[in-house]
Each structure stands twice: as structure tokens, then as C-alpha cells.
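K.L.:
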Amino acid sequence: MSLIEKISGKATTLTPSERRLVKNVIESPTTVALGTAGELARAAGVHEATASRLAKKLGFDSYAAFRDALRDEFIATRETATRFEKTIAENTSDTILGKLSRDEAQALGGIEEFIKPDQIASLASILMKANRIFIYGYGNAEVLALMMVKRFRRFGKEVQQLDTDPRGLAEQMLGLQARDVVLSFAFRRPPRGYAALIETAREAAATTIIISGKSGALLTPRPDHILAAPRSGDPDAFQTLTVPMTVCNAIVIAAGLTAKNESLKKLDRLGQLIERFE
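Every number in the numbering used here is 38 more than the matching position in the sequence shown, counting from 1.
#1: Nearest-angstrom Cα distance between residue 48 and residue 61?
#2: Could you pull the start and end residues of the alpha helix (DSSP H) that residue 210 belongs to?
#3: Quick test of your reading: residue 108 and residue 71, contact by CB under 8 angstroms. State the CB separation rounded to the nearest angstrom.
#4: Out of 226, 220, 252 and 306, state which residue places its alpha-carbon closest to the alpha-carbon of residue 237.
#5: If the criterion is Cβ atoms closer than 8 angstroms, does the pair residue 267 and residue 290 meet it?
#6: Which whole-angstrom value is the C-beta distance of residue 183 and residue 199, which I expect to be below 8 angstroms?
#7: Taking just the CA atoms, how far does residue 55 sit from residue 195?
#8: Please tell me whether residue 58 and residue 82 are closer than 8 angstroms, where the distance is taken between their beta carbons.
#9: Please name the residue in 192, 283, 211 and 234 whose C-alpha comes closest to that of residue 310.
#10: State buried or exposed for residue 188, treating a residue as buried only when at least 16 other CB atoms are found within 10 Å of its CB.
#11: Do residue 179 and residue 229 have their C-beta atoms closer together than 8 angstroms?
#12: Considering only their Cβ atoms, is the gap separating residue 270 from residue 145 smaller than 8 angstroms?
#13: Could you tell me the alpha carbon to alpha carbon distance between residue 53 and residue 287, rounded to whole angstroms?
#14: Span of the alpha helix (DSSP H) holding residue 235?
#15: Could you please give the first and the last residue of the uninterrupted beta strand (DSSP E) stretch that includes residue 224?
#16: For residue 164, is the beta carbon positioned less than 7 angstroms from some heavy atom of the ligand COA?
#17: Starting from residue 157 and walking both ways along the alpha helix (DSSP H), at which residues does that stretch end?
#18: Using only alpha-carbon positions, find the residue among 103, 50 and 64 that is nearest to residue 74.
#19: Is the beta carbon of residue 233 less than 8 angstroms from the beta carbon of residue 259?
#20: Please state whether the Cβ-Cβ distance between residue 100 and residue 89 is less than 8 angstroms.
#21: Comparing alpha-carbon positions, which option in 247, 163, 284 and 208 lies nearest residue 150?
#22: Please identify the residue among 142, 300, 41 and 135 whose C-alpha is closest to the C-alpha of residue 279.
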């Protein structure tokens, strides 16, 4: 179990002080892995003893064991990101475009620190085996939801984009069943209706998947599956959809690979239908 999964499992039991510590861990896992309990506590503005309590709550014997787990999970995988950072360091442009490009590249370069290839493959398989797929995107995430709807329809799946209006959303959820999958997005905060959506899916025994930013580990109620990775840019200012869109595209490609021959047949048939209707 990854550290993010352990945090997710304890999200509902964390105190406000512990949640502040977790926020620092999620934002800067490498820095925390190289620091001390006192340094983490000072950065979060809490007592040092809180860091030790958090480590034990997450199942570690001591803070040192917790830090070792951080090192194993994040330091060992930094090589690729470091090489990538060196490559983009040659771009010294002070323009908006240059700065944005560097930020995006750095975020993408470190994405596998947070989301592993087997997670992508597993969720792609779940989506392809689903009876129906319901996709919810609120605010900026609507564009991602629309993209995923179109992509999975091309595989011949029955897909619905969920309404952002509460009444319309309730009507669509009325017929939710087991073997259905609900895919949603959550970035700065849970989208409107998030808790009700997860609870309704749980009652119907449907599977829930969330694609999120770094705050995903703190979502409550917890979905069945979370893909959480930091987005680029200042966390307190403008952030883009490049990282979550890359995650979505990885899922789509992996989904096509799970049933390669059938997927190609569906796409070929789609091409024929497009010619007919045009």
C-alpha cells in the first residue's frame, strides 16, 4: 500500500493539526523525506509531537520509520524528474509561455512519483469491464469529463456525462446499479455534490474513481480508487489541467490496450458510421 493510500484510509480520523502536516507531506514529499519531525512540524505550524502521532496513526512504529517509507517511495524515483528538470533548465525565458512550459514539464516529469503504471492499467480495465460509465466534471473539470465521455463512447461503451444541476444529477443517479462505474474529478476542493455522489454509488455497489490534485488523499467519503498527482503552477494561484488531462489520456490508451482487437474494430466501425452520417 502506498503512503497516499494509507493517508486516504485515515483521512476521516485526522485532526486539524494532522491534516496540516499531511498537506505539507503531499505538497513536498521529497523535502519532508529529507527533513526531521521538527522541521515538518515547524513548516506546518504544529507541535513536534503531532508529527510522531501522525506517523503512528498511519501504522508506523516511529517518525523515523515514516520518513524511511517516504524516502523509499519518493527519493528512489526522483532520477527521471531530475533529468527532466536539468533539460528544461536551459530555457531561461522570463515570458509567461516559458515559465508555464517549465512548470508543466516539471509537474509531468514527477507524475510517476504519485501515480504508478499499474494503477492506470487497473482502472482502465475496470472502466472497460463496466456495464455503464457515469462521468462527473464540475467547473473546469467539465472539459475533462467531456473528453472522457467521447473517448469511451468510441470504444463502444455506454457512457453518460452527469449533470451539474443537483436535480438532474439525482435523476441520473436513480438507476445506478452494481457493475456501473462513476468517474469524477476533484482538485482544489471536492466538487458540488461529491459526498452525495460517492454515498449513492456505494449504496448501489457501483465503483467510484476520482482523479484529483494533491488534495485527493483528504477526500471524504473516500472513493474506491484515487489517482492523485499535483498540478503545475502556484497552489494558491492559477493551475492548469495538463497533469489530469495526461492522466486521462493514459487511461484511455491503456483501456484500448486491454481489448486491442475489439477496440480497433469499434474505431473502424465508427469511421464507417461517420462517413455514412456525413
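Heads up, the beta-carbon is just placed ideally off N, CA and C, and yes, glycines get one too.
P.N.:
Inspection of the coordinates gives the following:
#1: Between residue 48 and residue 61, the C-alpha separation is close to 14 angstroms.
#2: Here the alpha helix (DSSP H) through residue 210 covers 204-211.
#3: That pair is a contact at about 4 angstroms.
#4: Comparing Cα positions, the closest option is 220.
#5: Contact flag unset, no.
#6: The beta-carbon distance between residue 183 and residue 199, rounded to whole angstroms, is 5 angstroms. This is short enough to meet the 8 angstroms contact definition.
#7: Approximately 44 angstroms, taken between the alpha carbons.
#8: Contact: yes.
#9: Of the candidates 192, 283, 211 and 234, 192 places its Cα closest to the Cα of residue 310.
#10: Residue 188 counts as exposed, since fewer than 16 other C-beta atoms from the protein chains shown sit within 10 angstroms of its C-beta.
#11: Taking the C-beta atoms as reference points, residue 229 is found nearer than 8 angstroms to residue 179.
#12: Contact: yes.
#13: Cα to Cα, residue 53 sits roughly 36 angstroms from residue 287.
#14: Annotation: the continuous alpha helix (DSSP H) that includes residue 235 extends over 232-241.
#15: Residue range 219-224 is occupied by the beta strand (DSSP E) that includes residue 224.
#16: Of the ligands one can find in the structure shown there are none, so the ligand COA has no counterpart to examine.
#17: Here the alpha helix (DSSP H) through residue 157 covers 155-167.
#18: Measuring C-alpha to C-alpha distances from residue 74 to each of 103, 50 and 64 identifies 103 as the nearest.
#19: Yes. Within cutoff.
#20: For residue 100 and residue 89, no; Cβs fall outside 8 angstroms.
#21: Closest option to residue 150, Cα to Cα, is 284.
#22: Of the candidates 142, 300, 41 and 135, 142 places its Cα closest to the Cα of residue 279.
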